[in-house]
Each structure stands twice: as structure tokens, then as C-alpha cells.
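Accompanying notes for the structure given below.
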Amino acid sequence: MRELLKGARIAVKTCMGVRRGESVLVVTDPPRLKIAEALIKAARAAGAEATLICMQTLSRHGEEPPEVVASAMRAADVVLAPTTYSLTHTQARHQACRAGARIATMPMITEDMMQRGAMLANYREVDRWTKKVAALLSRASEVEVNSPAGTELSFSLKGREAYFDTGIFHRPGDFGNLPAGEAFIAPIEGTAEGRVVVGGSMVGFPRETVEIIIKKGMASKISGAHVAKLRKLLKEVGPKAYNLAELGVGTNPKARLIGNIIEDEKVLGACHIALGDNSTFGGKVRAGVHIDGIILRPTIKLDGKIIMKQGRLMVYNPRVFIGRKS
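Residue numbers (the working numbering): 1297 to 1622.
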């Protein structure tokens, strides 16, 4: 467990700001139990009253946990959720935040990720850059996303507010992923048109190309060498699962492209889209599933102005790049 404690301490103290006497709930499932135990140890070392719930592994991202778990989440000051499938886009998470809980979901996190990479970033710096990118997204009306692999996508953001996952969750109701580092926004439903080429990772397809045709805000065609699992999942959930739900921009310079979406989507120099639910961050679609896909080396235009050029993130001054050079 010792090798997991550095990341656990960062999560508990730096990211969640846990204080003596607070109630900390760690929600996990059997594959992530060792990580959960490290978080419990770090929380107790910080003087918190820490409780661990190990539930049965859920079947998909966005599936609601059992009510006993949801109830415990609403009662806690702080919730950390290292689980196989994400609780981010669930009503359980949403209602717990409304009750004042500070929450970090940690879907698919691995022991390796607790020891190196994005989890060990300087989250004060990540916080600063992520909020700048979110402000740019919030002010935009129209977006264009292109990539060398063939992505050509446009949609409206008019009136939508961007959210930010900075890794600093110190106020009641704050939430995000750990590892953190993204600004994200829900496109206006029905406005997206074009083609998305996922060249990073998508659920079940690490580093495999998936092409998605988008018409009137919905995925109308999905192709790739091994996409039967994805098609089956979307079909089982229903029509709302095909909604183009999100545009996210990675802002964590420590994040690695490792074939695990929870770290890949934070990579500085990449962006991602998602299909399915966006009801928890300003959208209108409640789908019960949320599936992200990474776009590599994107160029992003907001109202015709470039904010990212082939993976270089340009903030305010076009001569200042905070991304990796191509």
C-alpha cells in the first residue's frame, strides 16, 4: 500500500482539502479495493471520520449505484469514488453535490495511475489554466473541431456555460474527476454536424480508430475494426445514448496517453467528445450512459478564432503555447 499513499495524500489533502473531523466516504468495487484502502488511510491520517463502501461492480458508465450508496453519498462531507465505471454522470452524484458534498469520481483508475502521471500534477497550476480555457468556451457561440485524422465537426454553444475539472474541490458541492485537468461543455442539442475520428481511446477501444458520423446532434453511423461492443451498448441504452453530449479540452501537463480514458482525456494537447448523458453539466439529455472518445492533435476554433492548433493550446496570446510541441 505504501506506493499508493503519495497519490492518495494528494487526493485527500491537496485536491479535496479534507479537514479534521469531516466525514469522508470512499465508494469502490472489488477491482479498486487497494486504491480505496489507501484513500481511507490518507483520510484518517488527516483526522477525518472515514468510511469505506465496497459495492458490486456496475455494468456501465453512468449507471446509478444502489440507493444505500446514494444515501451515504448525500450524507458525507467528502466522497471519493475509485470505481470501475464512472459515477460522474449519475443522479446519485448530482444529488450528493446538491446536498453539499465535495466529490471526486475516479473511474477506471489504476494503481499505476496513483503512483505517476496525471495524479501527481501541480493542481494549483492545473486549476489556473483550466479555468482560463473554460472561460473561453463559455464566451463562445460556435465551435469547429478538426484533426489530422479526419475530424471535421461543428456545433453551437450559444448560451451554454463551460464547467471545469481542476482537481481542487474545496467548496461544498464541488466535484470532478481525479486525476483532473479538463474544461468541458455541453453542445446545444441537435446542432452538431460532421465527422469525429477518435484516435486515442474510447470505452473498450484503447488506441483504436473509431469514426462517428454526426447528424443533427446525433451519432448516425459508427465504424471501426471492433465497434460491435460500442454499438451494442448504445442500442441497449436507447436513442438518447447517441446524443453528442460534450466537448472537453485536456489541461494536465502530467497526463499520459495510456489507453485509459480517465487519464487520456486530461492530456494537454488533446480534446474529447462524448456520447450520451449531459444532464449533469448544463445539457438537456438524460441517457444513463456517458462515453468519451479522444481526438488527437486537434485544431479548435471558437467563433472563428483558434484556441488550439494541432494540439498546441493557445491561451489569450497566440504566441504563448502551453501545450506540447507537435
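Glycine included, C-beta positions come from ideal geometry on N, C-alpha and C.
Since the structure is predicted, the reported quantities are computational estimates derived from the model, not experimental observations.
For residue i, which residues of its own chain have a beta-carbon under 6 Å away from its beta-carbon, when the five flanking residues on both sides are left out?
{"i": "residue 1622", "result": "Because the pLDDT of residue 1622 is 37, which lies under 50, any placement of that residue in the model is unreliable, and the question is left without a value."}
{"i": "residue 1463", "result": "1311, 1419, 1422 and 1476"}
{"i": "residue 1301", "result": "1334"}
{"i": "residue 1560", "result": "1496, 1497, 1553 and 1590"}
{"i": "residue 1626", "result": "Residue 1626 falls outside the range modelled here, since the chain spans only 1297 to 1622, and no answer is possible."}
{"i": "residue 1322", "result": "1332, 1335, 1336, 1348 and 1376"}
{"i": "residue 1619", "result": "Confidence is the limiting factor: at residue 1619 the pLDDT is only 46, short of 50, which leaves the residue's position unreliable and the question unanswerable from this model."}
{"i": "residue 1373", "result": "1318 and 1319"}
{"i": "residue 1601", "result": "none"}
Figure out for me which residue from the options has the closest Cα to the Cα of residue i.
{"i": "residue 1354", "options": "1381, 1497, 1336 and 1363", "result": "1381"}
{"i": "residue 1555", "options": "1314, 1505, 1536 and 1463", "result": "1505"}
{"i": "residue 1508", "options": "1401, 1557 and 1448", "result": "1448"}
{"i": "residue 1627", "options": "1350, 1368, 1297 and 1406", "result": "The structure shown does not extend to residue 1627, since the chain is modelled only from 1297 through 1622, so no value can be given for it."}
{"i": "residue 1438", "options": "1446, 1455, 1298 and 1319", "result": "1455"}
{"i": "residue 1610", "options": "1432, 1569, 1344 and 1343", "result": "1432"}
{"i": "residue 1593", "options": "1575, 1366 and 1564", "result": "1564"}
{"i": "residue 1562", "options": "1584, 1532 and 1413", "result": "1413"}
{"i": "residue 1576", "options": "1383, 1548, 1407 and 1530", "result": "1383"}
{"i": "residue 1371", "options": "1550, 1469 and 1549", "result": "1469"}
Short check: CB of residue i to CB of residue j, under 8 Å?
{"i": "residue 1485", "j": "residue 1581", "result": "yes"}
{"i": "residue 1599", "j": "residue 1586", "result": "no"}
{"i": "residue 1482", "j": "residue 1546", "result": "no"}
{"i": "residue 1465", "j": "residue 1471", "result": "yes"}
{"i": "residue 1251", "j": "residue 1379", "result": "Outside the displayed span of the chain (1297 to 1622) sits residue 1251, for which this structure offers no information."}
{"i": "residue 1344", "j": "residue 1365", "result": "no"}
{"i": "residue 1570", "j": "residue 1538", "result": "no"}
{"i": "residue 1359", "j": "residue 1544", "result": "no"}
{"i": "residue 1493", "j": "residue 1450", "result": "no"}
Please go through the same chain and pick out, in chain order, the residues whose beta-carbon is closer than 8 Å to the beta-carbon of residue i, but skip the five residues on each side of it.
{"i": "residue 1303", "result": "1334, 1409, 1410, 1411, 1415 and 1416"}
{"i": "residue 1474", "result": "1307, 1311, 1376, 1400, 1401, 1402, 1405, 1415 and 1463"}
Apart from the five residues on each side of it in sequence, which residues of its chain come closer than 7 Å, Cβ to Cβ, to residue i?
{"i": "residue 1535", "result": "none"}
Touching or not, the stretch 1389 to 1404 and the stretch 1516 to 1523, by the rule of three or more beta carbon pairs under 8 Å?
-> no
Say whether the stretch 1427 to 1445 touches the stretch 1314 to 1328, bearing in mind that this needs 3 or more beta-carbon pairs closer than 8 Å, one atom from each stretch.
-> no
Secondary structure, alpha helix (DSSP H): runs of 4+ residues fully inside the stretch 1345 to 1413 | 1363 to 1371, 1387 to 1394 and 1407 to 1411
Continuous beta strand (DSSP E) assignments of at least 3 residues falling wholly in the stretch 1452 to 1477 | 1459 to 1461 and 1471 to 1473
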